[in-house]
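Trainee: Residue numbers for the sequence shown, in the numbering used here: -1 to 372.
Built from N, CA and C at the ideal position, the CB exists for glycine as well.
Model, not experiment: these values are computed from the prediction.
Sharing a structure, written as structure tokens. Questions coming.
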Amino acid sequence: MMHMSFRWYGPEQDPITLDKIRQIGGMEGVITALHEIPAGEVWPEEKVLERKHFVEKAGLKLMGIESINVHEDIKYGANTRDKYIENYIKSLEAVGKCGIHLVCYNFMPVFDWTRTDLAQPLEDGSTALGYNGKICEGLSAEEMFDYIIKNSNGFEMPGWELNRRSEITAEIKKFAGMTADDLRANFKYFLDAIMPTCEKYNIKMGVHPDDPAYDLFGLPRICKCEEDLVKIARMNSSPYNGFTLCTGSLGSNPANDIPKIIRNKEISSRIHFAHVRNVKHTGDHQFHESSHVSREGSLDMYEIMKALVEVGFNGVVRPDHGREIWGEKARPGYGLYDRALGATYLQGLEEAIRKDKGMNYPDNIYSTEQSLIW
Ligand code: DNO
Ligand code: MN
-1 MMHMSFRWYG PEQDPITLDK IRQIGGMEGV ITALHEIPAG EVWPEEKVLE
49 RKHFVEKAGL KLMGIESINV HEDIKYGANT RDKYIENYIK SLEAVGKCGI
99 HLVCYNFMPV FDWTRTDLAQ PLEDGSTALG YNGKICEGLS AEEMFDYIIK
149 NSNGFEMPGW ELNRRSEITA EIKKFAGMTA DDLRANFKYF LDAIMPTCEK
199 YNIKMGVHPD DPAYDLFGLP RICKCEEDLV KIARMNSSPY NGFTLCTGSL
249 GSNPANDIPK IIRNKEISSR IHFAHVRNVK HTGDHQFHES SHVSREGSLD
299 MYEIMKALVE VGFNGVVRPD HGREIWGEKA RPGYGLYDRA LGATYLQGLE
349 EAIRKDKGMN YPDNIYSTEQ SLIW
């Protein structure tokens, strides 16, 4: 069975407390990161251990890291990359020594995910993250910054922090002329360097898809579709080289058939982590996030969960972004309530699918027999 988790930004940065997360039905643990450590710097083992103990004291497990961010020089292939890769390896060692066996990361140049609206009002009175390509794809990145700042209710989107505005044009220019194949070569260089450490410490790496799953600001993107994922799988044959299957990110492009991607034999065995959420397409390069429920979005969550069960995915799963509901003022996409509803809905789907197939479904998530096998 899958193991349900919840993203948590840590004691200083997340207004949601662990005791609340602990009360979500079926919740086994959290996915977290040392967000205060900038990309490129080494994660101290004692800091990781401290976070792990903090989580465990609340009766939860620390089930994985999201993310150890990859320094831009590694993506760019700069001369300095070896130093940053060495630091990345040291961070992996720290995580591994603490008994954490899952790391989610991404290889998107310059940005993490991009949205044009962090609080798009929906008909039911909730708000959700939205994206309108007509706005974003007509603006320069600096103009986009100004647009987001005006429309984000004072919240920041990761990668779009105010203090990055002045450097963003220069960062994008650096990548000008880089092709997707150039970026792939840099990705392979990185994977080849880190895989021996992942094998030694049993750390499964799950690269997160680009979001939205198409090119932006002329930057190369290499994790957008089935073909891209297959290319990544072939870059390094280690089973530790794998994916964070994020249905909402891949699903931002209606051309992506998610159950088919999950069933692809070169991909399925490498799914190390699943982010399961729904999106509603409203036009070409236009969507907003929705509740996790199938009929509220454009993705069939039953088919997605069925595909995950059928390929034997028994790893860590989490609801991804949620709407803001019931008046909650939260970090955009990461409120408590809607993600909690998502987590129980996904468990309901999995339970029904497994029982219907006569597969076992443990009656106690804490029994050692059913605990996560790394
Ligand atoms: C969006 C989120 C991402 C993710 C990072 C991983 O779907 O899951 O922000 O955390 O891209 O590095
Ligand atoms: Mn995701």
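Are the CB atoms of Y238 and K172 within a distance shorter than 8 Å?
Mentor: no
Trainee: Quick check on the DSSP output: what are the complete alpha helix (DSSP H) runs of length 4 or more inside the stretch 262 to 305, in order along the chain?
Mentor: Entirely contained in the stretch 262 to 305, the alpha helix (DSSP H) runs reaching 4 residues are, in chain order, 263 to 266.
Trainee: Which residues neighbour the ligand MN when neighbourhood means a C-beta less than 5 Å away from any of its non-hydrogen atoms? List them by chain order.
Mentor: C244, H273, D318
Trainee: Is E135 near V108, with beta carbons less than 8 Å apart?
Mentor: no
Trainee: What is the DSSP secondary structure of P207, counted as helix, strand or coil?
Mentor: Of the three classes helix, strand and coil, the one that applies to P207 here is coil, per DSSP.
Trainee: A178: which of K202, H290, I220, F241 sits nearest, CA to CA?
Mentor: Closest option to A178, Cα to Cα, is I220.
Trainee: With distances taken between CB atoms, is the gap from I256 to I265 smaller than 8 Å?
Mentor: no
Trainee: Is there at least one non-hydrogen atom of the ligand DNO closer than 7 Å to the beta-carbon of H206?
Mentor: yes
Trainee: Following the continuous alpha helix (DSSP H) through L16, name the residue where it begins and the one where it ends.
Mentor: 16 to 20
Trainee: With a threshold of 7 Å, establish whether the CB of D80 neighbours any heavy atom of the ligand DNO.
Mentor: no
Trainee: Rounded to whole angstroms, how far is the Cβ of I63 from the Cβ of C102, which I believe are closer than 8 Å?
Mentor: With a Cβ gap of about 7 Å, I63 and C102 count as contacting.
Trainee: For the ligand DNO, I want to know if D209 counts as a neighbour, meaning its beta carbon is within less than 7 Å of at least one of the ligand's heavy atoms.
Mentor: yes
Trainee: Starting from Y7, trace the beta strand (DSSP E) in both directions and tell me its first and last residue.
Mentor: No beta strand (DSSP E) contains Y7, which DSSP labels as neither H nor E.
Trainee: Over the uninterrupted alpha helix (DSSP H) stretch that includes E84, give me the two end residues.
Mentor: 79 to 95
Trainee: Within the same chain, show all residues whose beta-carbon is closer than 8 Å to that of I192, passing over the 5 residues directly before and after it, in chain order.
Mentor: I83, Y86, I87, L90, M203
Trainee: Measuring straight from C-alpha to C-alpha, what distance separates D17 and R162?
Mentor: 34 Å
Trainee: Any heavy atom of the ligand COA closer than 7 Å to the CB of C223?
Mentor: For the ligand COA, the structure offers nothing, since it holds only the ligand DNO and the ligand MN.
Trainee: For G331, which three-state DSSP category applies?
Mentor: Here G331 sits in coil by DSSP.
Trainee: L214: which of H273, G131, G320 sits nearest, CA to CA?
Mentor: G131
Trainee: On the three-state DSSP scale, how would you describe Y187?
Mentor: helix
Trainee: Among T242, E44, I351, P119, whose alpha-carbon lies nearest the alpha-carbon of K304?
Mentor: I351
Trainee: Cβ of V277 within 8 Å of Cβ of G320?
Mentor: no
Trainee: I want to check one thing, is the minimum distance from the CB of D12 to the heavy atoms of the ligand DNO below 7 Å?
Mentor: No, since every heavy atom of the ligand DNO falls outside the 7 Å radius drawn around the Cβ of D12.
Trainee: What's the C-alpha gap between D144 and S150?
Mentor: 10 Å
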